[in-house]
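The structure appears right after this line, and notes come after that.
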Amino acid sequence: MCGPPGGEFPSADRGPSPNGRRVTVDLEFAARNLLNGATISVLLILLSLGLSVIYGLMKMLNMAHGEFFILGAFSVLLLMRLKIGFWLGVALAPVIMGVFGLLVYKVLFKSLYGKPTATILATWGLSMIIRQSLQITMGARPHVVENPFPGAVSLLGVQYPAYRVFIIAAGTLLILTIVWLYLRTTFGLQIRAAIHNRELTSALGINTERINTFSFVIGSALAGLAGALLAPLIPVGPLTGLSYLIKVFFVIIVGGAGSLIGTVVGGLVIGGGESLLQLFLSPLGAEIAILVLAVVLISLRPSGLVGQR
161 MCGPPGGEFP
171 SADRGPSPNG
181 RRVTVDLEFA
191 ARNLLNGATI
201 SVLLILLSLG
211 LSVIYGLMKM
221 LNMAHGEFFI
231 LGAFSVLLLM
241 RLKIGFWLGV
251 ALAPVIMGVF
261 GLLVYKVLFK
271 SLYGKPTATI
281 LATWGLSMII
291 RQSLQITMGA
301 RPHVVENPFP
311 GAVSLLGVQY
321 PAYRVFIIAA
331 GTLLILTIVW
341 LYLRTTFGLQ
351 IRAAIHNREL
361 TSALGINTER
371 INTFSFVIGS
381 ALAGLAGALL
391 APLIPVGPLT
401 GLSYLIKVFF
411 VIIVGGAGSL
421 IGTVVGGLVI
431 GGGESLLQLF
441 LSPLGAEIAI
451 LVLAVVLISL
461 RPSGLVGQR
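Sequential numbering from 161 applies to the sequence shown in the working numbering.
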């Protein structure tokens, strides 16, 4: 699952200490967890946005979305082995996954529209095919991608890895851009209209099939980008995507399925909440606690924090 990516930061010693050392260490520990929470939240939001919008449009779940994510990471790994370089690999990974997503939509999703159960089974089968193919071709052993920014920068009074700061800054900018496009452009308005009432949107002459296709491609590309960005943070293997998919579902349901703004809120709740809980609990305890909290939130508001009742 996704605790603080990379996990290279040792837990701060919060025991009694003379000379006021305890307060300093606790503040450093809190700052690191806050920044870790921002990193996790950005990656979860990028991974969840496309899946949430597709569910809102088509009421269909892509159970292979986690594999799209990990294929983005493996794309960077393979491109680096071909001496193409990390940054070009990051630029190409969403393109590769966007094209792959287009093929999956045309071959699988489009033919299964209106059959949610069949879609779950078919995409789960696709996820198994991808995982097994990765195990055969790449091996079951997790792979490590070299960190492109090995240094650290001073932030919130602590030395924090420069690459993670880049993810927070670039990811936040990308998320804000997507939200702006969703809320302020004609095509974003068409997406929201189709989510609210697909039949009426079609009756108004809007091509909902084009909206579905474009949204699926962009969602696949964002998953690939999130995987590419994650690759230097943790060892990635064929099963990594499956563990992240579980949290993605919680992000979408807590925020409000089909709501882009809800997905952003859900990502902040799950990612930031888990890091906050690590101030008081072990990483495993925090992970369990945030999922329990998510279940409570879902039971209190099944439509999500931002979804309509």
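We put the CB at the ideal spot given by N, CA and C, even for glycine. Since the structure is predicted, the reported quantities are computational estimates derived from the model, not experimental observations.
- With DSSP as the reference, label residue 273 as helix, strand or coil. Translated into the one-based positions of the sequence shown, residue 273 becomes position 113. Here residue 273 carries a coil assignment [DSSP, helix/strand/coil].
- Query: For residue 449, which residues of its own chain have a beta-carbon under 7 Å away from its beta-carbon, when the five flanking residues on both sides are left out?
  - Reply: In the sequence shown, counting from the first residue as 1, residue 449 sits at position 289. The residues are 437 and 441.
- residue 425 versus residue 202: straight-line alpha-carbon distance, rounded: Start at 1 with the first residue of the sequence shown, and residue 425 comes out as number 265. Start at 1 with the first residue of the sequence shown, and residue 202 comes out as number 42. Distance between the alpha carbons of residue 425 and residue 202 is about 11 Å.
- Item | Span of the alpha helix (DSSP H) around residue 198 | The residue given as residue 198 occupies position 38 in the sequence shown. For residue 198, the enclosing alpha helix (DSSP H) stretches over residues 181–218.
- Candidates 453, 439 and 244, of which the one nearest residue 195 by Cα: As a working mapping, residue 195 is identified with position 35 in the sequence shown. Selected option, being the one with the closest Cα: 439.
- Item | Burial state of residue 271, where buried means 16 or more other Cβ atoms lie within 10 Å | Within the sequence shown, residue 271 is the residue found at index 111, counting from 1. By the 10 Å Cβ count, residue 271 comes out exposed.
- Pairing CB atoms from the stretch 244–262 with CB atoms from the stretch 220–235, are three or more of them under 8 Å? By the C-beta criterion, the stretch 244–262 is judged to be in contact with the stretch 220–235, since at least 3 inter-stretch pairs fall below 8 Å.
- Any alpha helix (DSSP H) of 4 or more consecutive residues that is wholly inside the stretch 343–425: Here the runs fully enclosed are 346–356, 358–363, 368–390 and 400–415.
- Task: Can you grab the Cα-Cα spacing for the pair residue 332 / residue 362, in whole Å?
- Result: Along the sequence shown, read from residue 1 onward, the residue named residue 332 stands at position 172. Along the sequence shown, read from residue 1 onward, the residue named residue 362 stands at position 202. About 33 Å.
- Query: Of all the options 198, 370 and 434, which has the alpha carbon lying nearest to the alpha carbon of residue 445?
  - Reply: Sequence index remark: in the sequence shown, residue 445 carries index 285 (1-based). Ranked by Cα distance from residue 445, the first of 198, 370 and 434 is 434.
- Message: Would the stretch 404–424 count as touching the stretch 316–329 if we require 3 or more Cβ pairs under 8 Å?
- Response: Judged by Cβ distances under 8 Å, the stretch 404–424 makes no contact with the stretch 316–329, as fewer than three pairs qualify.
- Task: Over the uninterrupted beta strand (DSSP E) stretch that includes residue 314, give me the two end residues.
- Result: Counting from one through the sequence shown, the residue named residue 314 turns up at place 154. Note, residue 314: beta strand (DSSP E), 312–315.
- Task: Pick out whichever of 385, 447 and 367 has its Cα sitting closest to the Cα of residue 217.
- Result: Indexing the sequence shown from 1 puts residue 217 at position 57. Among 385, 447 and 367, the Cα nearest to that of residue 217 is on 367.
- Query: Residues in its own chain within less than 8 Å of residue 278 by CB, not counting five upstream and five downstream?
  - Reply: Here the question's residue 278 lines up with position 118 in the sequence shown. The answer, listed in chain order, is 272.
- Message: Less than 7 Å between the C-beta atoms of residue 389 and residue 327, yes or no?
- Response: Sequence index remark: in the sequence shown, residue 389 carries index 229 (1-based). Sequence index remark: in the sequence shown, residue 327 carries index 167 (1-based). Yes, Cβ-Cβ distance for residue 389 and residue 327 is below 7 Å.
- Unbroken beta strand (DSSP E) run spanning residue 321, endpoints: Taking the first residue of the sequence shown as position 1, residue 321 is located at position 161. Residues 318–321.
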